[in-house]
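Inspection log for the structure reproduced underneath, given as structure tokens.
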Amino acid sequence: MAEKKQIKTEKTDSKRVPTGIAGFDELCGGGLLRNRTYLVSGPAGAGKTIFGLQYIYNGITKYGENGIIIATEERPEQIRENVKMFGWDFEALEEEGKLAIVDACSTKIGIPSHEKYVDVRPFDMRSMMDQIIAIQDEIDAKRAVVDGTTSIGFYLQDPAKIRVELLKLSTTLEILGLTSIMTCEIVDENMPSRFGVETFVTEGTILMYYKRTDSVRVRSIEIFKMRGSDHSKNIHPYEITTNGIVVHPHEEVYTA
Ligand SMILES: Nc1ncnc2c1ncn2[C@@H]1O[C@H](COP(=O)(O)OP(=O)(O)O)[C@@H](O)[C@H]1O
Ligand SMILES: [Mg+2]
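Take the sequence shown: its letters are residues 7 to 262, numbered as in my numbering.
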């Protein structure tokens, strides 16, 4: 478990978008499929935000693919601060025009924002999409993360509406040539999403478990669904280290 796996840097075909997350890409044939949207689901504290941010950070620093972060649940300044402990300097990437963080959190909770990119009409999917289109024009990103979808769902309430709005968002991302991750916080571990519809608008679902067994919590990850791709059907342990998430692809966890 303690042994760290080397990050795979091998060339993948152009249809694959490697996450660069140690141990993860080999679970799914080298990475995510290009121009598709994936859901990363799990309970609070599982590591969904870190997964999404690491995907974006690796994209820029290892694969030369710029990224967009849509932050609905944490303010950008918190994100910049939190990732410093992994040694990731988001501010520098923003200054270089490789990373854009959209503050979709402040207006929602009624506080002012001094960010360059602010979603001023929170929960208005049209405004969020316009914002993403404008940013895409500016930085030509290849990857995006929407962290997360849960607050959007709570606002819309009606599952049919949530489904349509998230479908609009994922389709917009795909049309813009972005390979994206949306995070989803679940409370019922038997459900792969919060509102029961998020998995329908995404091409794949990655489940992150954070289960208590006796006196310890065990982290594990499963590729629950990935259209158009072969993938591991097992549940694999992962750790959150000072370098971010490290998956152990050759070990399995039984959660029953
Ligand atoms: N440097 C670190 N070393 C080990 N664990 C960490 C570190 N930083 C964060 N974590 C773990 O990551 C968790 C938060 O991950 P996060 O991605 O914010 O979760 P989620 O978005 O699923 O709620 C924390 O609860 C903590 O256990
Ligand atoms: Mg989170």
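C-beta atoms are modelled at their ideal positions from N, C-alpha and C, and glycine is treated no differently.
- Using a cutoff of 7 Å, the CB of T189 counts as near ligand 2, since one of the ligand's heavy atoms is closer than that.
- If you look at F230, you'll find it in the beta strand (DSSP E) that goes V222 to M232.
- When C-alpha distances from Y44 are compared across E121, V222, I75 and R233, the shortest belongs to R233.
- Taking 8 Å as the cut-off, the Cβ atoms of E32 and P255 count as close.
- With a 10 Å radius around the Cβ and a threshold of 16 neighbouring Cβ atoms, V207 comes out buried.
- Residues I74, Y123, I141 and I145 of the same chain have their beta carbon placed closer than 6 Å to that of A106, with the five preceding and five following residues left out of the count.
- Going by C-alpha positions, E121 is about 12 Å away from I76.
- Look at R127 here: in three-state DSSP terms it is coil, with no helix or strand label.
- Relative to ligand 1, even the nearest heavy atom lies 7 Å or more away from the CB of G202.
- For the options I158, V253, T177 and I168, the alpha carbon positioned closest to that of P128 is the one of I158.
- A straight-line Cα-Cα distance of about 12 Å links D194 and K217.
- Of G35, P24, T78 and D236, the smallest CA-CA separation from K68 is found for P24.
- Under the Cβ criterion (8 Å, minimum of three pairs), the region 146–153 counts as touching the region 48–67.
- Judged by their CB atoms, M91 and T248 are nearer to each other than the 8 Å cut-off.
- Note that the C-beta distance between M131 and L184 is not below 8 Å.
- Taken through DSSP and simplified to helix, strand or coil, G73 comes out as strand.
- Taking each of V259, T178, Y260 and K167 in turn and checking the Cα distance to S133, the smallest one comes out for T178.
- In this structure, DSSP gives P24 a state outside helix and strand, which the three-state scheme calls coil.
- About 19 Å separates the CB atoms of I251 and Q84; that is not less than 8 Å, and the two are not in contact.
- Burial state of N64 is buried, judged by a 10 Å Cβ sphere holding 16 or more other Cβ atoms.
- Taking the Cα positions, P165 is about 30 Å away from N240.
- Here the C-alpha atom of C111 lies approximately 18 Å from the C-alpha atom of E100.
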